[in-house]
Each structure stands twice: as C-alpha cells, then as structure tokens.
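*Asks:* Each residue of the sequence shown is one higher than the one before, starting from 0 at the first, in numbering that gives the first Met the number 0. For each residue, glycine too, the CB sits at the ideal point set by N, CA and C.
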Amino acid sequence: MERRGRGRLQPRNVSSSSRESTVSRTNRFASKPNSTPKSSSRVASGGEKAQSDGVDDPSDLPAIVGTCPLRCPERERAQRERLRDLAVFERLNGNPAQSSPDLAVKKFFRTISTKQVEASDVRPLPVLEDTLNYLLNLFDSREYPFEVVHDFLFDRTRSIRQDLSMQNIVNNKVIRMYEKMVKFHVISLHKLRHCSSQNNTSSMNYLNKEQLAKTLTSLFNMYDANRDSSSTYENEAEFCSFYVLLHLGSNSQPMGESLSWWFRNVPSTLLKSKEICFSRKILRLFRIGNYNCFLSTIAAEASYLQYCILEPYVNEVRALAVSCINNGGYKLHPYPLANLSKLLMMTESDLESFCKACGLEICTNEEGYNLLPTKQTTFCHPKDGF
0 MERRGRGRLQ PRNVSSSSRE STVSRTNRFA SKPNSTPKSS SRVASGGEKA
50 QSDGVDDPSD LPAIVGTCPL RCPERERAQR ERLRDLAVFE RLNGNPAQSS
100 PDLAVKKFFR TISTKQVEAS DVRPLPVLED TLNYLLNLFD SREYPFEVVH
150 DFLFDRTRSI RQDLSMQNIV NNKVIRMYEK MVKFHVISLH KLRHCSSQNN
200 TSSMNYLNKE QLAKTLTSLF NMYDANRDSS STYENEAEFC SFYVLLHLGS
250 NSQPMGESLS WWFRNVPSTL LKSKEICFSR KILRLFRIGN YNCFLSTIAA
300 EASYLQYCIL EPYVNEVRAL AVSCINNGGY KLHPYPLANL SKLLMMTESD
350 LESFCKACGL EICTNEEGYN LLPTKQTTFC HPKDGF
C-alpha cells in the first residue's frame, strides 16, 4: 500500500481500471500452481460442503460425471429464452428472448437433488474452467454499472461451485478455481463500496461477504483434503489471512466458529507466515484501539486484496482517533488539522469533511490554518456509516 497525494491511505497495488489490460486483469485472479499429495485433517464432510452450495447431501449417492459441453445446457437456455430470463450479458444483439451457446451461462438453482439431475445438465471440469475464465473477463466491464456485472458473476460462479459439488471434484485445478472465486468476492467488497447507488448495494455487499465466507470454507476443506501431513499450499497463507481479517468489527464469527478454535487447526508453518502474522497484528491493534499503529501497519504491509477487506474499518479507526483527540485535548488548544491529517493518512480537505460527518466543527486561526476545537459534545458516527 502506498500513500498518494498528501498522506492519503490507498491500496498498494491499485491501478486505474481504465488502464488495466486484459493480461493484468487475468493476473489479478491468477493463482500460483499448487502441487501437494492428498490427505485430510480438518476437512468438513462432503455433505456439509455440498449443502453450502445448494446441493443435497451426495455422500450416499454415486458421483455424477457431467457431460454438458456448453457453458449452459441447451435445455436450460431454450427454457430461459422462452421465459425471457436472460441477463444482459447473455442476450444476442440485445434481444431479451434470444441467446447463443457462447453467451448463455448456467444459472444457480437454490436446491438441487442429485437424484434428479442428468449428466447432460452438469458441466465437466474443463467446461467449468472455461466458464470461470469467461466470467472473470467480464469483471471490469464498463458497458454496465458494476452492480449489474457483480450480480451476474455472483450467480454464475455459485452455479460453477454447485456443479463441482455435484461431481465431488476436489483436486488442484478446482482449488485454483476456488482461489479465483474468493478473489472475485474480495475485490467486490471494494468495488461495491464505491458504487454510485449505495442504497441498492448494501444488501449485495452483505450477500457477497456471506458467499466469500462460504467459498473460503470450501477452499480450506480442499486444502486439507489434498495435503500431506507436513505440506502447505503456496497460496494458502494469503487466503487464511483473509479469514482472520473477516473477524474485524462486530461480525466476529463469519463462519460460525471462534477464531481461537480455528487457529488450533492451522498448520504451524502457516501461523508463522508473514500474511497471517500481519492479519493477527491488525486484529490485535484494532481490538485495543491503537489507531496509529493500525493505520501505519496497513500502509506499510497490506496487499491490495487485504486492503479490500480492511477498507471499511480504516475510517472506523479514524473516527476512534478523532474521538480520542476531541475528548482528550485541551479546550483552549485546538488540534491542528495538518498534524491530524498526517496521523490519519488523509488529505486535509478529506479530513475536514470527515470531521464534519462526525458532527465536529472546524475553525480557522488568524494565520489561516484549520484547527479542530476539542471537547466538542456533538461527536457522532455518520448515520450512513463509513
């Protein structure tokens, strides 16, 4: 993460999406290849994983081997054409009642019984890999608002996980697919926060975070099912750090188990990794309210993906800092905004707007410097949050 302008806290690897090439977009979702033999330690049952993806427990049933060669089965595409149930990305020449094999992508169905599914309706792994790459290439589309893009990818990636669950496929290729889907949900946290229609995206953000947690759970299960007793995956520490960072704030158990219990099952080599050490440090600083170290550590060490998760808590910690300075300062000695902007890593103009959003007034001295009068009793958190 680097500081832009006058101390502005920004993700370290952010580049303008308008300048982003197809190659850089592909690299953003790419994962380093993994190669570890198969074993199991903390993996959940196959039924738990399948049900999280909307599939009935297939543990007592033979695994389906998909034979559908297309991104969307022909029968489903024909039915959705008749019902005019085509997303904007699936419409041939904009026609809401016509699609094509290259455009249509299989939808997610909330509950599926493996007893009723035909192999011709399930896509095999090569087709699912192609479908995921196709979807991720739409991620930065500027033709439609991001809310529309996200809604389409959100549903169709769930459908991919559903097909994988029905076939009980767990190997290194699937792990790389899940890593890409986790990254999609992580980056969406950042993009949804900056959409123009905030009111319409709040529920999308909640659902996105929920699916992020579920996808991470499945990914961790796959890591454990495919490792030997002493190995770890090359990307595993990074994704484990996402899990720890999701425990910031009031939602302390995003996956239904305590963090301390989760740490007991993490291999010691992962606990010593820089990614997990960073996330544990951030979690500790957040909980004790050390705003100075919290912000400086993020600025120095956080990756872009980690910042996407941390972003909503940055202003929360800044508000804590402003509150402490307001309550602890001397009434006759207003706090210089220039000093506070350096401490909080914000531009002075942004800090002034931030203070006003928190119900605090700003004054100007005879020399023209902006000051924050302390002991104000009007401090409050913004009604619309941060």
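1) Counting C-beta neighbours from all protein chains within 10 Å, is the total for V173 16 or more, i.e. buried, or is it exposed?
2) Pull up the distance between the alpha-carbon of F145 and that of S229, whole angstroms please.
3) If we ignore side chains and look at the alpha-carbon of each, how far apart do V321 and M344 end up?
4) Take E316 and list the residues in its own chain whose beta-carbon comes closer than 6 Å to its own, dropping the five residues that flank it on each side.
5) Consult DSSP for P95 and reduce its assignment to one of helix, strand or coil.
6) Leaving out five residues before and five after R263 in sequence, what residues of the same chain have Cβ atoms less than 8 Å from its Cβ?
7) What's the C-alpha gap between A49 and I168?
8) Under the three-state reduction of DSSP, which class applies to Y334: helix, strand or coil?
9) Would you grab the beta carbon distance between C239 and L206 for me? Rounded to a whole angstrom, and I think it's under 8 Å.
10) Who pairs with L370 in a beta bridge, going by DSSP?
11) Nearest to L439 by alpha carbon, out of G93, G65, R76, L137?
12) Spatial neighbours of S89 within its chain, please: CB distance less than 6 Å, with the 5 preceding and 5 following residues excluded, ordered by chain position.
13) Mind reading off the beta-carbon distance from R157 to Q210? Whole number of angstroms is fine, and I expect it under 8 Å.
14) Alpha carbons only, please: which of R81, N338, K105 is nearest the one belonging to P95?
15) Below 8 Å CB to CB, which residues in the same chain sit around Y368 once its five sequence neighbours on both sides are set aside?
16) So what's M203 in DSSP terms, helix, strand or just coil?
17) Return the first residue and the last residue of the alpha helix (DSSP H) that H149 is part of.
18) Leaving out five residues on either side along the sequence, give the residues of the same chain with a beta carbon under 6 Å from the beta carbon of L69.
19) Between which two residues does the alpha helix (DSSP H) carrying H189 extend?
20) Using a 10 Å radius around the Cβ and a threshold of 16 neighbouring Cβ atoms, would you call L304 buried or exposed?
21) Taking only the alpha-carbon atoms, compute the straight-line gap between I297 and C379 and give it to the nearest angstrom.
22) According to the Cβ coordinates, are D154 and F107 closer than 9 Å?
23) In angstroms, rounded to a whole number, what distance separates the CA positions of L370 and A86?
24) Consult DSSP for R83 and reduce its assignment to one of helix, strand or coil.
25) Looking at A236 and K273, is the spacing between their C-beta atoms short of 9 Å?
26) Out of T373, S201, L359, L342, which one is the CA nearest neighbour of H332?
27) Would you mind sorting Q161 into buried or exposed? The rule is 16 or more other CB atoms within 10 Å of its CB.
28) Give the straight-line distance between the Cα atoms of C357 and T214, rounded to the nearest whole angstrom.
29) The alpha helix (DSSP H) with P123 in it runs from where to where?
30) Hey, which unbroken runs of the alpha helix (DSSP H) at 4 residues or more fall wholly within the region 267-334?
31) I need the straight-line Cα distance from G403 to R192, nearest angstrom please.
32) Tell me the residue span of the alpha helix (DSSP H) that contains E418.
33) Quick one: residues in its chain with C-beta nearer than 7 Å to the C-beta of C362, no 5 flanking neighbours on either side, listed in chain order?
34) When the Cα atoms are used, what is the spatial distance from K382 to K355?
35) Kindly list the residues whose CB is nearer than 6 Å to the CB of L258, restricted to its own chain and excluding five residues on each side of it in sequence; keep chain order.
36) What does the Cβ neighbour count give for A77, buried or exposed, with the cut at 16 atoms within 10 Å?
*Replies:* Quick look at the numbers:
1) By one-based count along the sequence shown, residue 173 stands at place 174. V173 comes out buried.
2) Working through the sequence shown from its first residue, we reach residue 145 at position 146. Working through the sequence shown from its first residue, we reach residue 229 at position 230. Rounded to the nearest angstrom, the two C-alpha atoms are 42 Å apart.
3) Walking along the sequence shown from the start, residue 321 turns up at place 322. Walking along the sequence shown from the start, residue 344 turns up at place 345. Rounded to whole angstroms, V321 to M344 spans 13 Å at the Cα level.
4) For this step, residue 316 is matched to residue 317 along the sequence shown. At residue 316 the sequence reads Val, which differs from the Glu that was named. So the list reads Y290, F293, once near-sequence residues are dropped.
5) On the sequence shown, position 96 is the one that residue 95 refers to. Reduced to three states, the DSSP call for P95 is coil.
6) As a first step, residue 263 is located in the sequence shown; it is residue number 264 there, counting from the start. Excluding residues within five positions, none has a Cβ falling inside 8 Å.
7) Translated into positions along the sequence shown, residue 49 becomes position 50. Translated into positions along the sequence shown, residue 168 becomes position 169. With a pLDDT of 49 at A49, under the threshold of 50, the predicted position of this residue should be treated as unreliable, though the coordinate-derived value follows. C-alpha separation (whole angstroms): 11 Å.
8) By one-based count along the sequence shown, residue 334 stands at place 335. Residue state, collapsed to three classes: strand.
9) Start at 1 with the first residue of the sequence shown, and residue 239 comes out as number 240. Start at 1 with the first residue of the sequence shown, and residue 206 comes out as number 207. Incorrect: roughly 23 Å between the Cβ atoms, too far for contact.
10) For the purposes of this step, residue 370 is taken as residue 371 along the sequence shown, with counting starting at 1. In the DSSP secondary-structure assignment, L370 is bridged to P335, C362.
11) No answer is possible for residue 439: the residues shown for the chain start at 0 and end at 385.
12) Position 90 of the sequence shown, counted from the start, is the residue given in the question as residue 89. It should be noted that the sequence gives Glu, not Ser, for residue 89. The answer, listed in chain order, is S98, L102, A103.
13) If you number the sequence shown from 1, residue 157 lands on position 158. If you number the sequence shown from 1, residue 210 lands on position 211. At roughly 7 Å, the Cβ-Cβ gap stays under 8 Å, so R157 and Q210 are in contact.
14) For the purposes of this step, residue 95 is identified with residue 96 of the sequence shown, where counting begins at 1. Ranking R81, N338, K105 by Cα distance to P95 puts R81 first.
15) For the purposes of this step, residue 368 is taken as residue 369 along the sequence shown, with counting starting at 1. The answer, listed in chain order, is P335, L336, A337.
16) Indexing the sequence shown from 1 puts residue 203 at position 204. M203 falls in the helix class under three-state DSSP.
17) On the sequence shown, residue 149 is found 150 positions in, with the first residue counted as 1. Residues 145-166.
18) Here residue 69 refers to the residue found at position 70 when the sequence shown is read from its first residue. Here the set comprises P100.
19) Taking the first residue of the sequence shown as position 1, residue 189 is located at position 190. Start and end: 171-192.
20) Residue numbering aside, residue 304 sits at position 305 when the sequence shown is read from its first letter. With a 10 Å radius around the Cβ and a threshold of 16 neighbouring Cβ atoms, L304 comes out buried.
21) For the purposes of this step, residue 297 is identified with residue 298 of the sequence shown, where counting begins at 1. For the purposes of this step, residue 379 is identified with residue 380 of the sequence shown, where counting begins at 1. Cα to Cα, the separation comes out at about 25 Å.
22) Numbered from its first residue, the sequence shown carries residue 154 at position 155. Numbered from its first residue, the sequence shown carries residue 107 at position 108. Less than 9 Å divides the Cβ of D154 from the Cβ of F107.
23) Your numbering for residue 370 matches position 371 in the sequence shown. Your numbering for residue 86 matches position 87 in the sequence shown. So the alpha carbons of these two residues sit roughly 52 Å apart.
24) For this step, residue 83 is matched to residue 84 along the sequence shown. Of the three classes helix, strand and coil, the one that applies to R83 here is coil, per DSSP.
25) Counting from one through the sequence shown, the residue named residue 273 turns up at place 274. Counting from one through the sequence shown, the residue named residue 236 turns up at place 237. Yes, the pair counts as a contact, with Cβ atoms nearer than the cut-off.
26) Within the sequence shown, numbered from 1, the residue matching residue 332 stands at position 333. Of the candidates T373, S201, L359, L342, the one whose C-alpha sits nearest the C-alpha of H332 is T373.
27) Translated into positions along the sequence shown, residue 161 becomes position 162. With 16 or more other Cβ atoms within 10 Å, it is buried.
28) Here the question's residue 357 lines up with position 358 in the sequence shown. Here the question's residue 214 lines up with position 215 in the sequence shown. When rounded, the distance between both Cα atoms is 36 Å.
29) If you number the sequence shown from 1, residue 123 lands on position 124. Taken as a continuous stretch (DSSP letters only), P123 belongs to no alpha helix (DSSP H), as it is neither H nor E.
30) Here the runs fully enclosed are 267-270, 273-287, 290-300, 303-327.
31) Outside the shown range of the chain, which is 0 to 385, sits residue 403, and nothing can be said about it.
32) The chain is shown only over 0 to 385; residue 418 falls outside these bounds and no answer can be derived.
33) The sequence position of residue 362 within the sequence shown is 363, counting from 1. Cβ within range, chain order: P333, L370, P372.
34) Here residue 382 refers to the residue found at position 383 when the sequence shown is read from its first residue. Here residue 355 refers to the residue found at position 356 when the sequence shown is read from its first residue. One Cα belongs to K382, the other to K355, and the distance between them is close to 12 Å.
35) The residue you call residue 258 lines up with position 259 of the sequence shown. Cβ within range, chain order: H246.
36) Working through the sequence shown from its first residue, we reach residue 77 at position 78. Result: exposed.
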